[in-house]
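Structure record follows, encoded as structure tokens.
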Amino acid sequence: EHITVTVLGLGLMGRALAGAFLRAGHPTTVWNRTAAKADDLVARGARLAGSASAAVAAGDLVVVCVSDHDAVRAVLDPLAGGLGGRVLVNLTSGTSRAAREIAAWAARQGADYLDGAIMAVPGAIGTPGALVLYSGPRPAFERYEPVLRRLGGARYLGGDQGLSALHDVAVLSLMWNILNGFLQGAALLGAAGVDATTFAPLARTAIETVTGWLPDYARQVDDGAYPALDSTLDTHVAAMAHLIGESESLGVDPALPRFVKALADRAVAEGHGGAGYAALAELFRTPAGER
Ligand code: NDP
Numbered sequence: 011e012h013i014t015v016t017v018l019g020l021g022l023m024g025r026a027l028a029g030a031f032l033r034a035g036h037p038t039t040v041w042n043r044t045a046a047k048a049d050d051l052v053a054r055g056a057r058l059a060g061s062a063s064a065a066v067a068a069g070d071l072v073v074v075c076v077s078d079h080d081a082v083r084a085v086l087d088p089l090a091g092g093l094g095g096r097v098l099v100n101l102t103s104g105t106s107r108a109a110r111e112i113a114a115w116a117a118r119q120g121a122d123y124l125d126g127a128i129m130a131v132p133g134a135i136g137t138p139g140a141l142v143l144y145s146g147p148r149p150a151f152e153r154y155e156p157v158l159r160r161l162g163g164a165r166y167l168g169g170d171q172g173l174s175a176l177h178d179v180a181v182l183s184l185m186w187n188i189l190n191g192f193l194q195g196a197a198l199l200g201a202a203g204v205d206a207t208t209f210a211p212l213a214r215t216a217i218e219t220v221t222g223w224l225p226d227y228a229r230q231v232d233d234g235a236y237p238a239l240d241s242t243l244d245t246h247v248a249a250m251a252h253l254i255g256e257s258e259s260l261g262v263d264p265a266l267p268r269f270v271k272a273l274a275d276r277a278v279a280e281g282h283g284g285a286g287y288a289a290l291a292e293l294f295r296t297p298a299g300e301r
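The sequence shown begins at 11 in the UniProt record's numbering and counts up by one.
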């Protein structure tokens, strides 16, 4: 099926997206503020449009991927009515508020809007390992799902266009916290002459162990009840003091361990000492000053 695709924005990611559509045989029209970035794609069969509005006129499915929300507005605002009847997919990283704002704008133009979050680097686009999250009207997603799957895995999250951006930051937060934990551990071990490469297999096992806890902890968070299935928060807090002590005596920065213990201390102060670790969910839900 020869669904025509338009890609607006040919940075590192936009070029990867357009390349994947081209490889899959979709007639692909591209546009970029700096036209020279289209050269390689044109050599591979893409059509270069002279303006963003000419590019939009050529595609059933319009994908935009530029630096940020302001750039999206700079590209889209002049298009106005040209998007009517089309499906616009915005794969630019942003906030849920920005996504909902563009959704409202697109609705006024008569366009269907899907907001997406790319959870992959450009080099992975077009492989099954590249996951892209989508949110917005389900019929628009389902209509173009086979085309969007040319980019990699496609996961539909729901009708609220803000959901892709929210899942994106939630997953990034998770990754940063895991990586910070690994780097903190590597710093401690490094002070004793153990290199990070030696630590990595044990770190991996620990991460896999935590992965196994997720289903039970998720249920506890959803239920708002945190029975201690394995160890209590009081037990965790005692071990956190060891982590701070080791950091201080080895001359490793104790800021992250202190923050982690301060969170758990607050939960204990609020009566969760006998509960399981997931009781910290209560702290994350509401800023300290508002409780
Ligand atoms: P680049 O910096 O490589 O490209 C930025 C693009 O935005 C260029 O096409 C640039 O045009 C365009 N642009 C910026 N400002 C404007 C403007 N005012 N008007 C018109 N066009 C503008 O970034 P990437 O391609 O790497 O990233 C694009 C998006 O993809 C970002 O939101 C990023 O967060 C997201 N993303 C990127 C990943 C990555 O690994 N690269 C991973 C996941 C998401 P010009 O060429 O003329 O400067």
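All C-beta atoms in this analysis are idealised placements derived from N, C-alpha and C, irrespective of residue type, glycine included.
As the structure is a prediction and not an experimental result, all values here were calculated from the model.
With contacts defined by Cβ atoms closer than 8 Å, L143 and A121 do not form a contacting pair. Per the coordinates, the alpha-carbon of L58 lies some 8 Å from the alpha-carbon of A65.
Each of G203, A134, F209 was checked against the Cα of F192, and the nearest Cα belongs to F209. The C-beta separation of T105 from V82 comes to about 12 Å, leaving the pair out of contact by the 8 Å criterion.
G126: member of the beta strand (DSSP E) spanning 122–129, first to last residue. Placement of the Cβ of G163 at a distance of 7 Å or more from every heavy atom of the ligand NDP is found. The ligand NDP never approaches N190 closely enough for any of its heavy atoms to be under 7 Å from the residue's Cβ. The nearest non-hydrogen atom of the ligand NDP is less than 7 Å from the C-beta of R43. For G136, the shortest separation between its Cβ and any heavy atom of the ligand NDP does not lie below 7 Å. In this structure, the CA atom of G284 is about 22 Å from the CA atom of I254.
In the structure shown, G163 falls within a strand segment according to DSSP collapsed to helix, strand and coil. Judged by the Cβ position, I128 qualifies as a neighbour of the ligand NDP at the 7 Å threshold, a heavy atom of the ligand being closer than this.
The C-beta distance from A279 to Y236 rounds to 15 Å, too long to meet the 8 Å contact threshold. The criterion of a C-beta distance shorter than 8 Å is not satisfied by T39 and L32. For A134, same chain residues with a beta-carbon under 6 Å away, outside a window of 5 residues either side, are A140 in chain order. A straight line joining the alpha-carbon of H79 with that of A108 spans about 7 Å.
For the options D49, N190, L173, the alpha carbon positioned closest to that of I128 is the one of L173. The continuous alpha helix (DSSP H) containing S106 extends over residues 106–118.
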